[in-house]
Amino acid sequence: MRKILLLFSLFLLISCSKKENKPQTTSQHPEIFTLTKIEQNEKGKPPNFYWQTQQGEKNFYELSKGKIILLNFWATWCGPCVKEIPDLIKIKSELSDKNFEIIGVSIDKTASPVAEFAKNVGINYILIHDPEAKLLDAFGGSVGIPITFLIDKDGKIVSKYLGARTKEVFMKDIEKILK
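Counting from 48, one number per residue, gives the positions in the sequence shown under this note's numbering.
This is the structure we're talking about:
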């Protein structure tokens, strides 16, 4: 009986040991970056924000120069958010040869579920983790998510969508400003 208890205790000890923490970013999508800084801007223009990558710090203004941006605030625990993401993936794929980018900002408390979800569904756009929703607050806050902003090539917010939208709704508005 003592041997069984000893073996069982040893098994539990091994099972519960800490695993090595590995970075969540890789050289391919889906990468999840951490929001590092926010700078407010003039009314009507989005705030500039920064995130850390393996190549160094990136910022929204540099990335968005001359591009149309679809900025989507979401979380893995939000049913409408999760339902909307396959359409965002399709939009990004279809517009990959245009001056267009999607940035997804997760407000999940931890990055682990975001990384797992992104890998499982094949997210093909930039993902930023903002557990305190500071960037969402900088955009004026929201009563709910998903909330998505369409930003034109001049950096002006041209549309704001509260709640999930379909690919067709987004594409209609994106195509208007692509011309």
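We put the beta carbon where it would ideally sit given N, CA and C, even for glycine.
Residue i, buried or exposed, once every other Cβ within 10 Å from all chains shown has been counted against 16
i, result
"Asn146", "exposed"
"Ser159", "exposed"
Close Cβ partners of residue i (< 6 Å) along its chain, the five nearest in sequence each way excluded
i, result
"Asp155", "Ala122, Thr123, Val161"
"Ile51", "Here Ile51 scores only 46 on pLDDT, less than 50, and its place in the model should not be relied on; the value that follows carries that caveat. None."
"Lys207", "Phe196"
"Pro178", "Lys156"
"Ile237", "The structure shown does not extend to residue 237, since the chain is modelled only from 48 to 226, so the question has no answer here."
"Lys226", "none"
"Leu104", "According to the sequence shown, residue 104 is Glu rather than Leu. For Glu104, where only same-chain residues beyond five positions count, the Cβ hits under 6 Å are Tyr97."
Own chain, CB closer than 8 Å to residue i, minus 5 neighbours either side, in chain order
i, result
"Ile221", "Ile115, Leu117, Ile138, Leu142, Phe147, Leu197"
"Ile85", "Pro94, Asn95, Phe96, Tyr97, Lys181, Leu182, Ala185"
"Ser189", "Phe120, Leu183, Leu209"
Best match in the options for proximity to residue i [C-alpha to C-alpha]
i, options, result
"Val152", "Leu135, Asp144, Asn167", "Leu135"
"Leu167", "Glu104, Ile132, Phe186, Ile150", "Inspection of the sequence shows that residue 167 is occupied by Asn rather than by Leu. Nearest C-alpha to Asn167: Ile132."
"Pro127", "Lys226, Val216, Leu209", "Leu209"
"Asn106", "Ile150, Glu89, Phe217", "Ile150"
"Gln36", "Gln87, Leu82, Asn88", "Because the chain spans 48 through 226 in this model, residue 36 falls outside it and cannot be assessed."
"Ile192", "Val216, Lys92, Cys125, Tyr108", "Cys125"
"Glu109", "Asp201, Phe217, Val216, Lys226", "Asp201"
"Lys92", "Lys203, Gly113, Val216", "Lys203"
Residues near residue i by beta carbon distance below 7 Å, same chain, minus five either side
i, result
"Lys214", "Asp134, Lys137, Ile138"
"Lys219", "none"
"Ile224", "Ile115, Asp199, Val205"
"Gly169", "Ile136"
"Ile79", "Gln71, Thr72, Ala158, Val161, Ala162, Ala165, Leu174, His176"
"Lys130", "Ala211"
"Glu89", "none"
"Asn68", "Here the model assigns Asn68 a pLDDT of 35, short of 50, so the residue's position is not dependable, and the following value carries that caveat. Here the set comprises nothing."
Per DSSP, the bridge partner or partners of residue i
i, result
"Ser153", "Trp121, His176"
"Ile79", "Leu174"
May I have a chain-ordered list of the alpha helix (DSSP H) segments no shorter than 4 residues that lie completely inside the segment 161-212?
-> 181-185
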